[in-house]
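For reference, the structure discussed in these notes is given below.
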Amino acid sequence: MQREHWASRLGFMLAAMGSAVGLGNIWRFSYVAGENGGGAFLVLYMVSVLIIGIPLLLVEVSIGRKAQRDIVGSYKKLVPDKPWFMVGYLGVLATLLILSFYSVVAGWSLYYLWGYITGDMAQMPLDGYGATFDTFISRDYAPVFWHGLFMIFTMVIVLVGVKNGIELANKILMPVLALLMIGLAVYSVTLPGSGEGLAFLFQPDWSVLKDPAVYFSAMGQAFFSLSLGIGTMMTYGSYLSKSQKLPGAVVGIGVMDTLFAVISGIVIFPAVFAFGIDPSSGPTLVFITLPEIFYQMSFGNVIAVIFFMALSFAAISSSISLLEVPVAYLMRAAKMSRKAASLLVSIGVFISGVTVSLGMGRWSGVTPIGNRNILDSMDYIASNVLMPICGLSMALLVGWYFNRKEALHASDLNNNQIGGTWYLLIKFIAPILILIIFLNEIVNV
Ligand code: PHE
Ligand code: NA
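All the letters of the sequence shown, read from the start, carry residue numbers 3 to 447 under the numbering used here.
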């Protein structure tokens, strides 16, 4: 069978940006930054994106394009005689873990969207938005329903194939999301008391750098936000043909994704302080902050509908890229049809997501790792452990298994200063940094 391909390089860029920009920029970025002290975290995160993230993104896409296979298949094809493909399995596992909680959180976004459409969210609940949201996510059935609905949307798009539906939806909704975020940022900054939030985000308190966990979280956030290391970008890269040039596209994806995160910080933190919300309230942070903002604004309900629609689409363009990894794997390795593979994986993810959702309520006492609930544990393993390990392996493959000429060639770079710097980064600097940050955290656990 002929391998599917993107219609154009722009199609690839949109899909890859769609994968990168998602709940990670708004939901995850703001709560992880909030938990890790704000400004100093932001600096570490941006340094990770620049030194580790973008160079490795080029590595990952170029492996996919070269091998023209799913993640396990790519490793098998490029290194037939050694067990590198084991890394591929870790990548597939990570996409399953991430999708399990991603779709639960995206379900919360759908629930808000529906609430604003029907007008239920327009009224401030008696005990406030925060408490009401906590009650909602701890229920047994309602959040599971929205999680299931979101998985159905994701499955249908992957089942049909990525080209038409998602490319078009992204073309319209990503600019809408960007405009809305910028508008909200301007609004948020004018809230009384916003200065404290801006200071939290932009005046680093360097004392948090004593804690190794902050480096670890910043690196994990960079990997998560860039969809890096676990085969998403490799699989998308495998639908590229050799004639399409990579470096510019990859830098564009990285810059765009980081901008979205910074802007969403400018939306969230002024409001967090203006409304007296605790910046370290964890995964529920944006879901209690945003309704407060919308409540204060004129036309807030209309804007909220558009916002949660755009956020839900941003989430879908990421979730389909997550689902595509195991689906592409099964299509090749188990010779399943796209339909059967999408259905099978979606059902599995739905079930595993149910445990995540129950973990916010009935099973909140279940803490597999440290004092983390099910969502946080899956996220920790996938984003902070599996993503950096898989990313490290990619860097080692291209930096050490390929020779310099092959590495540069695979990534469309020349043997000039840019190519040389990139090669230095992926061969030595990124792997060493990943290892140091990693060991530092493990030793301190
Ligand atoms: N990068 C996506 C986001 O920020 C999440 C994601 C992670 C998507 C890993 C694919 C793979 O929302
Ligand atoms: Na992102």
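C-beta atoms are modelled at their ideal positions from N, C-alpha and C, and glycine is treated no differently. Here the structure is a predicted model, which is why all the values come from computation and not from measurement.
- The closest heavy atom of the ligand NA lies 6 Å or more from the beta carbon of D136.
- With a cut-off of 6 Å, the C-beta of V23 is classified as near the ligand NA, since at least one heavy atom of the ligand falls inside that distance.
- The region 35-55 and the region 331-349 do not touch, with fewer than three beta-carbon pairs separated by less than 8 Å.
- Here I371 carries a strand assignment [DSSP, helix/strand/coil].
- The Cβ atoms of L313 and S102 lie no closer than 7 Å to each other.
- Judged by the Cβ position, N27 qualifies as a neighbour of the ligand NA at the 6 Å threshold, a heavy atom of the ligand being closer than this.
- A Cβ-Cβ distance of about 23 Å is found for the pair I265 and M389, leaving them out of contact under the 8 Å criterion.
- Contact between A18 and Y238 holds: their C-beta atoms lie close to 5 Å from each other, under 8 Å.
- A contact between stretches requires three or more CB pairs, one per stretch, nearer than 8 Å, and the region 77-86 fails this requirement with the region 242-262.
- If you look at L128, you'll find it isn't in any alpha helix (DSSP H); DSSP assigns it neither H nor E.
- The count of Cβ pairs closer than 8 Å, one atom from the region 202-218 and one from the region 29-49, reaches three, so the stretches are in contact.
- Judged by the Cβ position, D83 fails to qualify as a neighbour of the ligand NA at the 6 Å threshold, every heavy atom of the ligand being at least this far.
- Approximately 32 Å separates the beta-carbon atoms of S413 and P214; this is outside 8 Å, ruling out the contact.
- If only complete runs of 4 or more residues are kept, the region 200-232 shows the alpha helix (DSSP H) at 214-227, in order along the chain.
- Remark: the C-beta of L324 is in contact range of the ligand PHE, defined as less than 6 Å to any heavy atom.
- S76 has its CB no nearer than 6 Å to any heavy atom of the ligand PHE.
- One thing to note: A276 has its Cβ within 7 Å of the Cβ of L193.
- Nearest to G75 by alpha-carbon distance, out of D378, A330, G231 and T369, is A330.
- For the pair M396 and W86, the Cα-to-Cα distance works out to about 9 Å.
- With contacts defined as CB atoms closer than 7 Å, L58 and A384 fail to qualify as a contacting pair.
- With 16 or more other Cβ atoms from the protein chains shown falling within 10 Å of its own Cβ, K429 counts as buried.
- C392 places its beta carbon less than 7 Å from that of L92.
- Around S359, the same chain offers V106, P145, V146 and H149 as residues with beta carbons nearer than 6 Å, after the five sequence neighbours per side are excluded.
- A straight line joining the alpha-carbon of T234 with that of L128 spans about 43 Å.
- In the DSSP annotation of this structure, K337 is not part of any alpha helix (DSSP H), being labelled neither H nor E.
- In the structure shown, the three-state DSSP call for I279 is coil.
- Using a 10 angstroms sphere on the CB of S245, the tally of other CB atoms stays under 16, which defines it as exposed.
- The beta carbon of L151 lies closer than 8 Å to those of G109 and L112 in the same chain, with the five residues before and after it left out.
- Look at Q419 here: in three-state DSSP terms it is helix.
- Comparing C-alpha distances from W116 to each of P281, N172, G367 and F309 shows the shortest one belongs to F309.
- For S32, the enclosing alpha helix (DSSP H) has its first and last residue at F31 to E37.
- Taking 6 Å as the cut-off, one finds at least one heavy atom of the ligand PHE near enough to the beta carbon of S320.
- Between the beta-carbon of L16 and that of V160 there is about 16 Å, and that puts the pair past the 8 Å contact cut.
- V253 counts as exposed, since fewer than 16 other C-beta atoms from the protein chains shown sit within 10 angstroms of its C-beta.
- Between the alpha carbons of G90 and E198 lies a distance of about 44 Å.
- Taking every protein chain shown into account, the CB of T137 has fewer than 16 other CB atoms within 10 angstroms, so this residue is exposed.
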